[in-house]
Amino acid sequence: RNQDGSMQAGAHLKGMFHRLCKLLSLKVKPVIVFDGVMPALKRKTNEARRKLQSRSKGMITKLAEQLLRNKIKAHSLAVQDAKKEREAAARDDAENGKQKAPLDFSNPHNTSASNPPKSSGPSKPPHASSEAGPSQPSG
Numbered sequence: 001r002n003q004d005g006s007m008q009a010g011a012h013l014k015g016m017f018h019r020l021c022k023l024l025s026l027k028v029k030p031v032i033v034f035d036g037v038m039p040a041l042k043r044k045t046n047e048a049r050r051k052l053q054s055r056s057k058g059m060i061t062k063l064a065e066q067l068l069r070n071k072i073k074a075h076s077l078a079v080q081d082a083k084k085e086r087e088a089a090a091r092d093d094a095e096n097g098k099q100k101a102p103l104d105f106s107n108p109h110n111t112s113a114s115n116p117p118k119s120s121g122p123s124k125p126p127h128a129s130s131e132a133g134p135s136q137p138s139g
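Going by the UniProt record's numbering, the sequence shown opens with residue 1, and the numbers climb by one from there.
Below, the structure is given as structure tokens:
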């Protein structure tokens with residue numbers, strides 16, 4: 001209570017705090033047990049927090065969906081632009097009489113499509129030498 005005798009806001013917390021300080025000064029380790037019904041103010045606060053949380057989850061879900069839609073739309077536009085560029089390049093090449101050389105996938109080490117490597121017969125891999133030692137040229 002105040003000096004004039006009226007009830008003070010938070011008096012129960014102040015009293016509990018002073019009691020805890022007294023126990024701690026006497027080297028006593030206090031154990032606090034909360035049992036009973038939740039106070040009305042705390043209940044209202046928790047309900048308000050739950051409502052806010054559920055609203056926030058809904059907003060987050062909507063925002064995530066919108067971001068995904070935007071990402072998909074941007075990707076599809078990029079694909080369409082690339083397709084149009086390829087078609088325009090093909091038209092330009094056709095109009096100018098240019099044709100791309102066919103790619104040769106038979107030799108993956110060949111970087112030139114117009115100059116295939118010349119084969120001079122079967123060749124041995126470097127590790128396939130005979131066990132008798134280095135080979136001597138005959139001749």
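All C-beta atoms in this analysis are idealised placements derived from N, C-alpha and C, irrespective of residue type, glycine included. Computed from a predicted model, the values in this text were never measured in an experiment.
Cβ neighbours of L67 in the same chain (closer than 7 Å, five flanking residues each side left out): none
Span separating the alpha-carbon of M16 from that of K22: 10 Å
Coil, strand or helix - D35 by DSSP: coil
Where the alpha helix (DSSP H) through M59 begins and ends: 40-96
Alpha-carbon spacing of K44 relative to K83, whole angstroms: 59 Å
Boundaries of the alpha helix (DSSP H) in which M16 is found, first to last residue: 11-25
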